[in-house]
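Peer 1: Under our numbering, the sequence shown has 145 at position 18, and the numbering climbs by one with no breaks.
Virtual Cβ for every residue (Gly too), placed ideally from N, Cα, C.
Please read all numbers here as calculations on a predicted model, not as lab measurements.
Pasting a structure here, questions to come.
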Amino acid sequence: MIFEVNRQDFRETRVVDIAPATLSAGQVRLSVERFAFTSNNISYAVAGDMLDYWGFFPAEQTWGHIPAIGIGSVIESANPDIAVGGRYFGFYPMAGELVIDAHRRGPHGFRDVGPHRANHAVTYTDFRDVDADESWDADRTDEYLLLWGMFMTSFLVDDQLGDRGFAGAAQTLVTSASSKTSISLASCLAARSDIRAVGLTSERNRSFVENLDLYDQVITYDEVAQLDPSIRSGVVDMAGNASVRASIHRHFGDNLTFSTSVGATHWEAAGDPPTATGGGALPGAAPEFFFAPSQRAKRVEEWGAAELDARIDRAYRNLVEHST
Numbered sequence: 128m129i130f131e132v133n134r135q136d137f138r139e140t141r142v143v144d145i146a147p148a149t150l151s152a153g154q155v156r157l158s159v160e161r162f163a164f165t166s167n168n169i170s171y172a173v174a175g176d177m178l179d180y181w182g183f184f185p186a187e188q189t190w191g192h193i194p195a196i197g198i199g200s201v202i203e204s205a206n207p208d209i210a211v212g213g214r215y216f217g218f219y220p221m222a223g224e225l226v227i228d229a230h231r232r233g234p235h236g237f238r239d240v241g242p243h244r245a246n247h248a249v250t251y252t253d254f255r256d257v258d259a260d261e262s263w264d265a266d267r268t269d270e271y272l273l274l275w276g277m278f279m280t281s282f283l284v285d286d287q288l289g290d291r292g293f294a295g296a297a298q299t300l301v302t303s304a305s306s307k308t309s310i311s312l313a314s315c316l317a318a319r320s321d322i323r324a325v326g327l328t329s330e331r332n333r334s335f336v337e338n339l340d341l342y343d344q345v346i347t348y349d350e351v352a353q354l355d356p357s358i359r360s361g362v363v364d365m366a367g368n369a370s371v372r373a374s375i376h377r378h379f380g381d382n383l384t385f386s387t388s389v390g391a392t393h394w395e396a397a398g399d400p401p402t403a404t405g406g407g408a409l410p411g412a413a414p415e416f417f418f419a420p421s422q423r424a425k426r427v428e429e430w431g432a433a434e435l436d437a438r439i440d441r442a443y444r445n446l447v448e449h450s451t
């Protein structure tokens with residue numbers, strides 16, 4: 128069976144029974160053990176057409192399969208390089224099983240090389256052997272699924288901003304500060320001495336965010352006007368709320384040196400694309416959509432995949448230690 132959503136109305140869902148397919152040469156069948164479902168998955172649905180998230184696991188035209196980070200075990204293999212019993216971390220549909228055209232990638236993983244995945248970034252097509260992953264802790268499986276993928280995105284956001292010197296900003300505003308992606312970013316920012324992190328959240332979540340002890344300052348969305356507009360600032364927008372984004376741009380004006388759009392936790396208030404609102408451009412830096420695979424590819428070329436993964440792992444462990 129597989130969980131589907133109406134691509135035009137995410138509230139409309141259904142579960143469909145699918146007959147198991149016979150494996151062709153090179154394919155493997157994985158049983159989906161578990162997956163994480165968070166607000167980040169809603170971002171995948173919102174950007175489903177723009178970034179082809181719907182293309183990960185194709186469905187009938189009006190329906191879609193939202194990708195989810197999960198773990199699956201190989202229960203059948205027609206690929207001589209991949210044995211039955213292996214357990215792999217990667218993107219899965221919300222389903223009971225998944226058949227993949229697999230190509231072995233090094234000693235600890237494989238890649239989905241199906242024709243429908245040809246244009247997808249390696250980040251989204253890789254499946255990693257969890258038993259060979261230093262970040263893997265069997266006693267913290269749920270935490271790993273909930274945090275690792277989003278932490279990797281946040282690490283790369285922080286890395287890109289740092290690489291650009293935060294465009295001269297003295298502080299970074301982070302919307303949807305209670306979301307796991309934002310918490311991960313706040314952990315990365317907290318490791319820096321040259322930038323303040325200001326978390327924006329709802330009044331309901333304010334106490335929770337403050338108690339994280341990761342942000343230098345926590346405010347609610349209606350308190351943006353209380354911030355000093357003369358301070359050169361940037362924003363990482365996890366919420367995707369057009370009204371909130373506009374209020375930040377208008378408050379700081381030319382002192383907003385960067386505006387990075389990452390998520391859409393407030394998808395119902397997304398409004399126009401983040402490059403503009405209505406008929407006019409926002410004051411301050413032009414909003415830029417962040418695409419994690421591009422920054423990862425840049426660092427793999429510069430550092431090598433092993434070094435990048437080691438740096439992400441160290442930063443991830445800092446967050447885990449801070450949280451326990």
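What residue does the beta strand (DSSP E) around V211 start on, and which one ends it?
Peer 2: Run containing V211: none; DSSP gives neither H nor E here.
Peer 1: How big is the Cα-Cα spacing for V362 and T387?
Peer 2: Going by the C-alpha atoms only, they are around 6 angstroms apart.
Peer 1: For a quick check, are the C-beta atoms of P207 and H243 less than 7 angstroms apart?
Peer 2: Cβ atoms of P207 and H243: not closer than 7 angstroms.
Peer 1: When burial is assigned at 16 or more other CB atoms within 10 Å of the CB, is A365 buried or exposed?
Peer 2: In the sequence under discussion, the amino acid at residue 365 is Met, which differs from the Ala named in the question. Buried: at least 16 other Cβ atoms inside 10 Å.
Peer 1: Check S200 in the structure and name its three-state DSSP category.
Peer 2: Note: S200 maps to strand in three-state DSSP.
Peer 1: Look up G326 in the DSSP assignment and give the residues it is bridged to.
Peer 2: G326 pairs with V301, V345.
Peer 1: Can you list, in chain order, the residues of its chain whose CB lies under 7 angstroms from that of L274, leaving out five sequence neighbours each side?
Peer 2: Same-chain partners within the cutoff: K307, S311.
Peer 1: Does the separation of the CB atoms of R423 and T252 fall below 7 angstroms?
Peer 2: Result no, Cβ atoms of R423 and T252 do not sit closer than 7 angstroms.
Peer 1: Between the Cα of V301 and the Cα atoms of R331, V284, S204, V240, which residue gives the shortest distance?
Peer 2: For the residues R331, V284, S204, V240, the minimum Cα distance to V301 belongs to V284.
Peer 1: With 7 angstroms set as the bound, which would you pick, yes or no: does the beta-carbon of D364 sit closer than that to a beta-carbon of chain C?
Peer 2: As a matter of chain content, chain C is missing from the structure shown, which is built from one protein chain.
Peer 1: Is it true that the CB of F162 sits closer than 7 angstroms to the CB of Y215?
Peer 2: Going by C-beta atoms, Y215 is not nearer than 7 angstroms to F162.
Peer 1: In this structure, what does DSSP give as the bridge partners for S158?
Peer 2: Per DSSP, S200, E224.
Peer 1: Give the secondary structure of H230 by DSSP, where H, G and I count as helix, E and B as strand, and everything else as coil.
Peer 2: In the structure shown, H230 sits in a strand (DSSP, three-state: E or B).
Peer 1: Express the C-alpha separation of L178 and H192 in angstroms, rounding to a whole number.
Peer 2: Their backbone Cα atoms lie some 14 angstroms apart in a straight line.
Peer 1: Can you name, in chain order, every residue of its own chain whose Cβ lies under 8 angstroms from the Cβ of T347, other than the five neighbours on each side?
Peer 2: Closer than 8 angstroms at Cβ, skipping near neighbours: L327, T328, S329, E330, R333.
Peer 1: Please tell me whether H378 and P356 are closer than 7 angstroms, where the distance is taken between their beta carbons.
Peer 2: Contact flag set, yes.
Peer 1: Could you tell me whether the Cβ atoms of L157 and V201 are closer together than 7 angstroms?
Peer 2: It is a contact, given that the beta carbons lie within the stated cut-off.
Peer 1: How many Å lie between A324 and A352 at the Cα?
Peer 2: Distance between the alpha carbons of A324 and A352 is about 17 angstroms.
Peer 1: W77: buried (16+ other C-beta within 10 angstroms of its C-beta) or exposed?
Peer 2: For residue 77 there is no data in the structure shown, the boundaries of the chain being 128 and 451.
Peer 1: Exposed or buried, what is E395 when buried is set at 16 or more other beta-carbons lying within 10 Å of its beta-carbon?
Peer 2: No answer about E395 holds up, because its pLDDT of 44 lies below 50 and its placement is not dependable.
Peer 1: So, using beta-carbon positions, are Q287 and D228 closer together than 7 angstroms?
Peer 2: No. Outside cutoff.
Peer 1: Check G276 in the structure and name its three-state DSSP category.
Peer 2: G276: helix per DSSP, three-state reduction.
Peer 1: Whole angstroms is fine: what's the gap from R255's alpha carbon to A222's?
Peer 2: Each residue's Cα considered, the two are about 19 angstroms apart.
Peer 1: By Cβ distance, which residues of its chain are closer than 8 angstroms to F293, with the 5 residues on each side in sequence left out?
Peer 2: Correct list, in chain order: T299, D321, I322, G361, T384, F385.
Peer 1: Could you give the distance in angstroms between the alpha-carbon of E139 and the alpha-carbon of E434?
Peer 2: Their backbone Cα atoms lie some 43 angstroms apart in a straight line.
Peer 1: Which residue from F130, S166, G380, L354 puts its Cα closest to that of V143?
Peer 2: Comparing Cα-Cα distances from V143 to each of F130, S166, G380, L354, the minimum goes to F130.
Peer 1: Can you tell which of L339, L272, V226, G217 has the C-alpha that lies nearest to the C-alpha of G236?
Peer 2: Of L339, L272, V226, G217, the residue nearest in Cα terms is G217.
Peer 1: Are the CB atoms of C315 and A432 within a distance shorter than 7 angstroms?
Peer 2: No. Outside cutoff.
Peer 1: Hey, quick one: how far does the beta strand (DSSP E) through R138 stretch, first residue to last?
Peer 2: Run containing R138: 136-143, per the beta strand (DSSP E) assignment.
Peer 1: Using DSSP with H/G/I as helix, E/B as strand and the rest coil, what is E415?
Peer 2: Reduced to three states, the DSSP call for E415 is strand.
Peer 1: For V132, which beta-bridge partners are listed by DSSP?
Peer 2: V132 is bridged to T140, G191.
Peer 1: Is it true that the CB of P410 sits closer than 7 angstroms to the CB of A248?
Peer 2: The answer is no: Cβ separation not under 7 angstroms.
Peer 1: Rounded to whole angstroms, how far is the Cβ of E160 from the Cβ of G213, which I believe are closer than 8 angstroms?
Peer 2: Rounded, the Cβ-Cβ distance is 12 angstroms, inconsistent with contact.
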